[in-house]
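Let me begin by presenting the structure, written as structure tokens, before commenting on it.
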Amino acid sequence: MTPEQLRTVLAEAAADAARTAHPADGAVLRRADGRTPGHWHSNLALRTAARLDGADAHDVAEQFAEALRRHPDIAAVTVSGPGFLGIEVTAASLLAAVCAIIAEQIADAEPGADAVPAADAHTSADDGDPAPEVPDGPARALDDDPVHLIRRSHAHGRRLLRNAAAAGVPGGCPRTAARGDVRVGEARPDSAEIVGAETLDTGERSLLVHVTEAADTLARTRDPAALTATLADLAHAYLDWAASHTLVPTLDADITAVHAARAVLVDAVTTVLARGLRLLGVRAPERM
């Protein structure tokens, strides 16, 4: 489930629970910071209650939560404080969403789309050089130049995917998702078809949410500063994940569904980073 899809679901919940077809002004959908439950936080119930004379915001939020819980792509909804909504989406819907992002990027790719202006200061390193390992220590201290960080993270992810393919890790999305025809509320692959969805841990699911948020931002803005900040934030999150997770199992370990799911995760991260770099007029390197 993408942010845009979730906004639609929230609007439908508001229409159902509050009998209003008009979203409340100032409603915000924000990715959760990990300190409270859910993947997304919304103040929609608070804003809606403010428009309804005598309505208790917490009661309105409970009505919204009840409507949201009936949606097949919503795993859980919590109400906190005066009426904030914490929304957790299912792992399968997250992988389906990033598969659609990957498919859209493939469909939009055109010859020459990766061309970098001659004046671009961020030139590619020799494609024959190996991508660096993730160094020890906090990933956020690695790069002062955010564009270099984004490019290095892309190259690192592409190297992981090459190694995974060489090791026989199955990658790729279900055919229905890969065509980009997964829609909220419609028939879509179940958790068994979205290979390994339920094997992903909490941090990995949060990274999938991060990918969908970044893709949403890329679709909504062309401001270089906003794009760079969004991509650098995703690159940091990816490097933090890569420092504590493995895509390719050790020689004495079996390849399992979680490795296949992680391959989709890394593919999605690099897809969004590459798209953002192209918008900035910078080449997305396969190696650095």
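When the sequence shown is numbered by the UniProt record's numbering, its final residue is 288 and no position is left out of the sequence of numbers.
Ideal placement from N, C-alpha and C gives every residue a C-beta, glycine not left out.
Under the three-state reduction of DSSP, V272 is assigned to helix. Residue range 44 to 51 is occupied by the alpha helix (DSSP H) that includes T48. For S244, there is no enclosing beta strand (DSSP E), as DSSP gives it neither H nor E. Around the CB of G86, 16 or more other CB atoms lie within 10 Å, so the residue is classed as buried. Contact between L208 and G276 is absent: CB atoms are separated by about 17 Å, not below the 8 Å threshold. Distances from the alpha-carbon of D252 to those of A167, D33, H148 put A167 closest. DSSP places G157 in the helix class (H, G or I) of the three-state scheme. By the neighbour-count criterion, in which a residue is buried when 16 or more other Cβ atoms sit within 10 angstroms of its Cβ, G83 is buried. In the DSSP assignment, no residue is bridged to V98. Excluding sequence positions up to five before and after H210, its CB lies within less than 8 Å of the CB of R31, D233, L234, A237, all in the same chain and listed in chain order. According to the DSSP assignment, L29 belongs to the beta strand (DSSP E) that extends over 29 to 31. In the DSSP assignment, G203 falls within the alpha helix (DSSP H) that extends over 202 to 220. Spatial neighbours of L46 in its own chain (CB-CB distance under 6 Å, excluding positions within 5 residues in sequence) are listed in chain order as A57, G83. Per DSSP, reduced to three states, the secondary structure at E88 is strand. In the displayed model, V77 falls within a strand according to three-state DSSP.
Between I150 and L231, the C-beta spacing is below 8 Å. Judged by beta-carbon spacing, V28 lies beyond the 8 Å limit of V264, meaning their Cβ atoms are not closer than that value.
Our two residues, L200 and V9, have alpha carbons roughly 24 Å apart in a direct line. Short of 8 Å from the beta carbon of A214, and not among the five residues preceding or following it, lie these beta carbons of its own chain, in chain order: T230, L231, D233, L234, V272, G276. For V248, same chain residues with a beta-carbon under 8 Å away, outside a window of 5 residues either side, are L160, N163, A164, A167, V169, H259 in chain order. When only Cα atoms are considered, V147 and E62 end up about 43 Å apart. Apart from the 5 residues on each side of it in sequence, R152 sits with its Cβ closer than 6 Å to the Cβ of M288 in its chain, given in chain order. Taking each of P224, D223, L218, E204 in turn and checking the Cα distance to L239, the smallest one comes out for E204.
Per DSSP, the continuous alpha helix (DSSP H) segment holding D59 begins and ends at 57 to 69. Per the coordinates, the alpha-carbon of H39 lies some 11 Å from the alpha-carbon of P3. Spatial neighbours of R7 in its own chain (CB-CB distance under 7 Å, excluding positions within 5 residues in sequence) are listed in chain order as L29. Distances from the alpha-carbon of C173 to those of T78, A103, A50 put A103 closest.
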